[in-house]
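Participant: There's a structure below that I have some questions on.
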Amino acid sequence: MKKFPQITLSFWIMKICATTLGETAGDLLSMTMNAGYALSSLILIGLFFISLVAQLLSKRYHPFLYWTVILSTSTAGTTMSDYMDRTLGLGYARGSLILCTILLIIFIGWRLSNASLSVSNITTFRVEVIYWTAILFSNTLGTALGDFLASDSHLGFAGGALLIASLLALIILATFFTTISKTLLFWIAFVLTRPFGATMGDLLTKTKDKGGLGFGTIGSSIILASILILFILFTRRSLITPPEQISDEEPIKTEP
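Under our numbering, think of the first position of the sequence shown as 74, with each following residue one higher.
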């Protein structure tokens with residue numbers, strides 16, 4: 074039975090909300106609440122594994138459960154990236170390179186297992202585990218890339234978000250007007266939405282003197298969580314709404 078959502082516009086809106094919320098919520102725990110990157114990573118990775126086990130054991134698609142796992146990979150990815158880049162002193166560029174290599178290895182291993190990288194073909198427990206592992210590291214990579222664009226590249230938060238948005242726009246055009254693999258474009262877009270969310274999260278939370286909008290981690294997290302919950306409720310309603318009754322009227326005949 075299908076355990077994953079359809080890839081529609083609402084999916085990408087929810088993905089961006091979840092990744093941006095992951096950035097603000099991760100910073101809320103590690104910085105605002107002073108839990109630190111190491112402890113925050115352990116807490117959030119623990120939450121990720123708990124939600125992941127529930128997802129793996131489920132037999133069908135549950136919107137709240139699926140997006141809880143996505144959100145937990147985003148929050149865990151935020152603190153994992155910050156721990157690598159800041160606490161371990163690897164820096165954004167080196168951390169991004171390491172994470173990119175790990176993600177590439179995951180995709181190669183996935184492909185060598187004779188399984189399609191298409192999310193519509195995830196039908197076994199093993200492939201689903203690989204899928205979620207790829208998502209965890211893609212979100213961790215996205216955090217490092219977002220921080221690199223916002224800080225080391227001197228683009229700033231708004232500039233970094235604008236650059237990623239432009240790349241995503243090119244992917245949309247490539248989807249409709251080129252013969253490039255849709256699966257490849259999906260995963261590129263999936264990875265890029267994380268740095269977009271990371272830079273948007275920084276733009277929302279950082280103070281105005283640092284180039285942000287000054288909403289703070291608490292205010293930004295509340296706003297983003299509300300938007301995500303509304304979309305989840307909408308998609309859940311569409312799943313449980315019974316199909317429309319077939320009209321008793323005679324169907325319109327068409328010429329062959």
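Idealized CB from N, CA, C, for every residue including glycine.
When we look at the beta-carbon of Leu214 and count the other beta-carbons within 10 Å, is it buried (16 or more) or exposed?
Facilitator: Counted from its first residue, the sequence shown places residue 214 at position 141. Result: buried.
Participant: What is the DSSP secondary structure of Ile143, reduced to helix, strand or coil?
Facilitator: Your numbering for residue 143 matches position 70 in the sequence shown. In this structure, Ile143 counts as helix in the three-state DSSP scheme.
Participant: Where does Pro78 sit, in a helix, a strand or coil, going by DSSP?
Facilitator: As a first step, residue 78 must be located in the sequence shown, where it is residue number 5. Reduced to three states, the DSSP call for Pro78 is coil.
Participant: Checking 8 Å against the spacing of the C-beta atoms, do Thr151 and Gly232 come in under that value?
Facilitator: Counted from its first residue, the sequence shown places residue 151 at position 78. Counted from its first residue, the sequence shown places residue 232 at position 159. No, these two residues do not count as a Cβ contact at 8 Å.
Participant: Can you list, in chain order, the residues of its chain with a C-beta nearer than 8 Å to that of Glu323? Leave out the 5 residues immediately preceding and following it.
Facilitator: Walking along the sequence shown from the start, residue 323 turns up at place 250. Residue placement at Glu323 cannot be trusted, given a pLDDT of 43 that sits under 50; what the coordinates show is reported in the next sentence. Excluding sequence neighbours, Glu323 sits near nothing in its chain.
Participant: Could you tell me if Thr196 is buried or exposed, where buried requires 16 or more neighbouring beta carbons within 10 angstroms of its beta carbon?
Facilitator: Translated into positions along the sequence shown, residue 196 becomes position 123. Exposed, because fewer than 16 other Cβ atoms sit within 10 Å of the Cβ of Thr196.
Participant: Please name the residue in Phe288, Ala242, Ala271 and Arg309 whose C-alpha comes closest to that of Cys331.
Facilitator: Residue 331 is absent from the model: the chain starts at 74 and stops at 329.
Participant: Buried or exposed: which applies to Asp282, given that a residue is buried once 16 or more other Cβ atoms fall within 10 Å of its Cβ?
Facilitator: On the sequence shown, residue 282 is found 209 positions in, with the first residue counted as 1. So Asp282 ends up on the exposed side.
Participant: Between the alpha carbons of Thr160 and Tyr110, how many angstroms are there, rounded?
Facilitator: Indexing the sequence shown from 1 puts residue 160 at position 87. Indexing the sequence shown from 1 puts residue 110 at position 37. Cα to Cα, the separation comes out at about 7 Å.
Participant: In chain order, what residues of the same chain lie with their CB nearer than 8 Å to the CB of Thr97, ignoring the 5 residues before and after it?
Facilitator: Position 24 of the sequence shown holds residue 97. Correct list, in chain order: Gly274, Leu277, Thr278, Thr290, Ser293, Ser294 and Leu297.
Participant: Check this for me: beta carbons of Ser145 and Thr308, under 8 Å apart or not?
Facilitator: By one-based count along the sequence shown, residue 145 stands at place 72. By one-based count along the sequence shown, residue 308 stands at place 235. Not closer than 8 Å, so no.
Participant: What runs of the alpha helix (DSSP H), each 4 residues or longer, lie entirely inside the stretch 226–305?
Facilitator: Qualifying alpha helix (DSSP H) stretches, in chain order: 229–250 and 255–278.
Participant: Using C-beta distances below 7 Å, list every residue in its chain close to Ser103, excluding the 5 sequence neighbours before and after it, in chain order.
Facilitator: The sequence position of residue 103 within the sequence shown is 30, counting from 1. The answer, listed in chain order, is Gly109, Tyr110, Ser113, Thr152 and Asp155.
Participant: Specify whether the stretch 173–193 and the stretch 254–271 touch according to this definition: at least 3 beta carbon pairs, one from each stretch, less than 8 Å apart.
Facilitator: The stretch 173–193 is in contact with the stretch 254–271.
Participant: In three-state DSSP terms, what is Leu161?
Facilitator: On the sequence shown, residue 161 is found 88 positions in, with the first residue counted as 1. Three-state DSSP puts Leu161 in coil, outside helix and strand.
Participant: Have a look at Ala207 and Leu176 and give me their C-alpha separation to the nearest angstrom.
Facilitator: As a first step, residue 207 is located in the sequence shown; it is residue number 134 there, counting from the start. As a first step, residue 176 is located in the sequence shown; it is residue number 103 there, counting from the start. Near 6 Å, if we compare the C-alpha coordinates of Leu176 and Ala207.
Participant: Under the rule that 16 or more other beta-carbon atoms within 10 Å means buried, what is Thr280, buried or exposed?
Facilitator: Within the sequence shown, residue 280 is the residue found at index 207, counting from 1. Exposed, by the Cβ-count rule.
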